[in-house]
Structures are given as structure tokens and as C-alpha cells.
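The opening position of the sequence shown corresponds to residue 24 in my numbering, with each subsequent residue numbered one higher.
Report on the following structure.
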Amino acid sequence: MTIKQYLIDQAIIIRNLFEVGVPLRRLRGPLLVAVPEIASRFVIIPGDVSNPSGSLGDMAMFTALLQSLRMRNPEAIFTIIGTRNHSMTVPGVGEIQVIAAWAGRAGSIAFDRVIRQHHALFVMGADILDGKYGASLVQRIVDYCNHSAMLGIPATTLGFSFNRHPRRPTVHALSRLHPKVTVNIRDQPSLDRFRQIVGIPATLCADSAFLMPPATEPEPEAEAWISNMHNAGRSPVGVNLNAHALAPLLTQTDTPTLITRLAEQLVLAAEMNNLAFMLIPHDLKPQSGDVSMLQALEKQLQKNGFSHARYTPINHPGKIKRITGLLDLVITGRMHLAIASLGSGTPILSITYQDKFEGLYQHFGLSLEHIIAPTQCVSDEFMNKINQAFTQRYDNRKRIRTSLPHVLALASRNLETNSARG
């Protein structure tokens with residue numbers, strides 16, 4: 024670690040202490056209303072407090088968590104923590120209030136007021152709790168969880184992944200989690216790293232998004248296209264590209280060149296296996312790159328004379344899960360598109376990043392041969408990996424469906440709290 028990085032880390036820790044730790048400590052008095060045995064009011068900290076509904080992966084976790092909690096208690100009421108006051112709609116649940124209780128000392132004071140009106144706190148851990156997207160974010164989450172636990176209100180992190188090189192302020196914060204905070208980690212390699220690096224207890228689970236049901240209403244145009252491809256003797260394959268997963272390549276080449284090379288590999292695989300490609304964005308924010316890269320890929324495939332490709336934007340996570348269940352294979356650079364696919368029984372080929380996919384594959388007993396590094400996507404290795412995954416799709420589909428009940432049981436652990444466990 025450089026001196027500069029050390030000083031930055033220390034500044035993050037000190038700033039959080041004065042903006043969050045000290046204010047909450049001063050507010051920490053007795054909880055005036057006892058937490059009931061059956062909770063009905065829940066606070067959720069999203070993966071992105073500035074835009075809780077911006078990612079379809081986050082919406083899948085919201086939908087799974089909130090629907091599951093409401094199944095247990097039809098009277099359940101939810102509040103989401105954010106950076107501004109507004110509301111958002113969660114599929115199958117309805118309109119949920121978002122309360123500004125995050126930034127600065129004022130955010131800490133607002134959180135104390137909010138949490139005292141609720142019975143439990145859930146944190147959507149996903150891939151944010153190793154500090155990849157900001158160590159100060161994790162510091163505040165830990166202080167909010169600790170404050171909740173010290174008031175006697177159960178606090179739970181939904182299953183998250185933990186990479187090999189977490190930020191130092193993140194480890195510092197997580198090591199101070201209150202013993203009554205329930206820590207769930209969504210795969211065995213992450214759990215092993217967490218226990219070794221952070222040194223506190225945690226529970227193995229699977230991602231909460233596995234609990235999200237597929238949509239019951241059809242998506243007519245997309246489903247008609249899939250049916251037409253099958254009737255034409257082509258196997259429909261889902262494809263997702265995004266700037267995050269392909270970041271190592273984007274530092275070496277420009278986007279148009281990258282898209283050209285990816286299209287070449289896809290066409291070669293399609294010609295060998297009679298494939299058709301449904302291009303599926305799973306994050307609609309402009310900076311994610313899903314939309315722009317997939318639209319550019321569709322044009323490039325057409326330019327290459329390949330007409331069996333369709334760009335398919337769907338902004339409902341349950342509908343995406345329904346559609347992936349109709350595909351023969353999904354090639355994805357998004358974790359929650361992989362989860363939607365596996366949850367619907369469809370085999371995947373994943374572009375790996377942040378040490379996230381290996382543990383997901385372990386849940387299903389899938390070979391790591393069906394993972395590809397970003398740098399391999401512009402060589403014949405990409406075509407070879409697609410061929411291999413497609414050839415083994417029947418065996419992998421059987422393995423996925425056999426493992427799914429166990430994975431769903433692991434995902435249900437996200438709903439447990441220390442109070443529930445007694």
C-alpha cells in the first residue's frame with residue numbers, strides 16, 4: 024500500500040466516524056416500542072442508494088425480498104433508504120417510499136428516526152460490501168447495522184460476494200460488526216475469504232434473487248421470436264455485454280473495434296451450431312454500457328450478414344426470468360442475469376469479474392470450463408467456449424434443475440434474522 028492510499032483510507036475512516044459513528048452514538052437511547060415477534064415494518068438499504076431502482080439486478084433482489092416477506096406477513100410495510108425522498112415501484116409489491124437518510128450527519132440523524140419506526144433492517148449486500156464501489160459506503164452500512172442491533176432491532180445483510188482484495192477501510196468496518204448482525208454470504212469461496220480476512224462469523228446462503236418468481240404474463244414479441252427461431256431450426260441463445268465485465272478489454276481497445284471482434288466470434292459459433300442471438304441488457308443506466316454495446320452488436324451482426332439476432336430490452340426482472348427459461352443458453356456478463364437463467368433452469372456461459380461467478384457455479388455443481396475471462400472474448404477461445412457450453416447444455420440443464428431446490432433453500436436463509444433464530 025502506498026502512503027497516499029494509506030492517507031486516503033484513514034481519511035475515509037475518520038470522516039465516517041464524525042458523520043455517522045459519533046452522531047449515532049449520541050442518539051443511542053432506549054427503544055420505546057418493543058420489536059414484535061412477527062415483524063411487519065422493514066427498512067432496506069439498497070445496493071445503490073442514489074438510484075435504488077436503476078439496476079434490474081437490484082430490482083430482482085428487491086422483488087424477491089419484499090414478495091417473500093409479504094408472503095410471511097401480508098401486512099408488511101417497507102421503507103427504502105436513499106439520498107432523496109421519492110417513491111419507486113417494486114414488481115408484485117407496489118409503490119415503496121424512499122426516505123433520504125444517507126448523506127452526512129443529517130443522514131445519520133434521519134436514519135435513527137426511521138429505524139425506530141420499524142422492526143427489522145435488511146442490507147442488499149450483492150457485490151458492494153467488499154468496498155469495490157466505495158469504502159465509505161461500507162463504513163456507513165456497518166454503522167447503521169450496528170445502531171439497529173444496539174437498539175434491539177434485527178439487522179441482516181442479504182448474501183454478498185467478497186473478492187480477494189477488499190479495501191482496508193472495508194475490512195476495518197466489517198470486523199466491527201455487532202455480533203447480533205446476521206451476515207449472509209452468497210457463495211463458499213467468498214465465505215472462506217470473508218472469514219479469513221475479516222475474522223467474524225457469517226452464514227453461507229445463495230443470492231436472494233433466486234427467490235424471485237418468473238412473470239406469469241407472457242412477453243408476446245420476444246416469445247414469438249424465440250418460437251420462430253426454434254421452428255427455423257435455430258437454437259436461441261441470450262447474450263449480454265456490458266462495460267463493467269469487459270473493462271479489461273476497453274482499456275486496450277475502443278468500443279467499435281471490440282464489438283467487431285466479438286461479433287466475429289459470435290457469428291462463427293452461430294454458423295457451427297445453428298444459433299440465434301437474443302441481445303438482453305440487464306442494466307439500463309447509460310454508464311453501464313449494456314444498451315449501447317448490445318445495440319452496436321446488433322448492427323455489427325447485421326453488417327456481417329447475420330440476420331438471426333434481436334435486441335430485446337425488458338425492464339421487468341420477472342419477465343427476464345421468464346424469457347431466459349425459454350432460451351437454450353445464456354452468455355452473460357451480468358451476475359443477476361446468470362441468476363435469472365439458472366433459476367429458470369437454463370445453462371450459462373459467464374464473463375467473469377470480481378471473483379463472483381466461481382461460487383455461483385459451485386452451488387449447481389457446474390464446471391468452471393463454462394466461465395470465460397474478458398480477455399478471452401476477442402480470440403477463438405470465445406467461439407470454443409460457446410461451442411462447449413452449447414454442446415453440454417442438456418447435461419448442464421439436468422444438473423441445474425437437480426440442484427435448484429437446494430439453492431432455493433440456501434436463498435431462503437436471507438430471510439432469517441438473529442431474533443428468528445433465537
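Beta carbons: idealized from backbone N, C-alpha and C, even for Gly.
Predicted model, so just to flag it, every value in this text is computed and none were measured.
Sheet register partners of residue i (DSSP bridge)
| i | result |
| --- | --- |
| residue 122 | 104 |
| residue 64 | 100 |
| residue 78 | 306 |
| residue 145 | 67 and 179 |
| residue 395 | 374 |
| residue 117 | 113 |
Selected residue, minimal CA-CA separation from residue i, among the options
| i | options | result |
| --- | --- | --- |
| residue 46 | 167, 313, 97 and 339 | 167 |
| residue 384 | 230, 98 and 78 | 230 |
| residue 142 | 338, 62 and 420 | 62 |
| residue 439 | 180, 25 and 164 | 180 |
| residue 69 | 36, 114, 57 and 150 | 150 |
| residue 107 | 72, 81 and 148 | 72 |
| residue 154 | 144, 175, 193 and 278 | 193 |
| residue 366 | 318, 433 and 314 | 433 |
| residue 258 | 174, 369, 285 and 201 | 369 |
| residue 252 | 308, 161, 349 and 172 | 349 |
| residue 299 | 308, 306, 289 and 307 | 289 |
| residue 285 | 329, 200, 405 and 59 | 405 |
| residue 102 | 255, 134 and 214 | 134 |
| residue 447 | 125, 431, 29 and 66 | Residue 447 lies beyond the residue range present for the chain, which begins at 24 and ends at 445; the question has no answer from this structure. |
Residue i (DSSP reduced to helix, strand or coil)
| i | result |
| --- | --- |
| residue 433 | helix |
| residue 221 | coil |
| residue 327 | coil |
| residue 443 | The predicted position of residue 443 is uncertain, since its pLDDT is 40 and thus under 50; a value taken from the coordinates is nonetheless stated next. Looking at residue 443 - three-state DSSP - the assignment turns out to be helix. |
| residue 270 | helix |
| residue 306 | strand |
| residue 263 | coil |
| residue 373 | strand |
| residue 199 | coil |
| residue 58 | coil |
| residue 334 | strand |
| residue 511 | Because the chain spans 24 through 445 in this model, residue 511 falls outside it and cannot be assessed. |
| residue 109 | strand |
| residue 368 | coil |
| residue 130 | helix |
| residue 30 | helix |
| residue 412 | helix |
| residue 151 | coil |
| residue 299 | strand |
| residue 193 | helix |
| residue 390 | coil |
| residue 258 | strand |
| residue 226 | strand |
| residue 402 | coil |
| residue 315 | helix |
Opening and closing residue of the alpha helix (DSSP H) in which residue i lies
| i | result |
| --- | --- |
| residue 278 | 278–296 |
| residue 352 | Looking at the DSSP string, residue 352 is not in any alpha helix (DSSP H); the run it does join, the beta strand (DSSP E), is 352–355. |
| residue 207 | Run containing residue 207: none in the alpha helix (DSSP H); it sits in the beta strand (DSSP E), 205–208. |
| residue 243 | 243–254 |
| residue 45 | 45–50 |
| residue 235 | No alpha helix (DSSP H) contains residue 235, which DSSP labels as neither H nor E. |
| residue 168 | 158–173 |
| residue 383 | 380–387 |
Limits of the unbroken beta strand (DSSP E) element including residue i
| i | result |
| --- | --- |
| residue 182 | 178–183 |
Cβ of residue i within 7 Å of any chain D Cβ
| i | result |
| --- | --- |
| residue 242 | Protein chains in the displayed structure number just one, and chain D is not present. |
Residue i beta carbon near the ligand HEM (any heavy atom closer than 6 Å)
| i | result |
| --- | --- |
| residue 338 | No copy of the ligand HEM appears in this structure; indeed no ligand is present at all. |
At least three beta-carbon pairs within less than 8 Å, the segment 423–436 to the segment 385–392 = yes
May I ask you to verify whether the segment 230–249 touches the segment 73–85, counting CB pairs closer than 8 Å and requiring at least 3?
-> With the cut-off at 8 Å, the segment 230–249 and the segment 73–85 touch.
Pair every Cβ in the segment 341–352 with every Cβ in the segment 239–250, then say whether three or more of these pairs are closer than 8 Å.
-> Touching, yes.
Would you be able to state if there are at least three C-beta pairs under 8 Å between the segment 309–321 and the segment 255–275?
-> yes
Should the segment 409–417 be regarded as contacting the segment 350–366, the criterion being three or more beta carbon pairs within less than 8 Å?
-> yes
May I ask you to verify whether the segment 188–203 touches the segment 322–331, counting CB pairs closer than 8 Å and requiring at least 3?
-> By the Cβ rule, the segment 188–203 does not count as touching the segment 322–331, because fewer than three pairs are nearer than 8 Å.
Is it a yes or a no for the segment 197–211 touching the segment 171–185, going by three-plus beta-carbon pairs under 8 Å?
-> yes
Pair every Cβ in the segment 154–164 with every Cβ in the segment 217–227, then say whether three or more of these pairs are closer than 8 Å.
-> no
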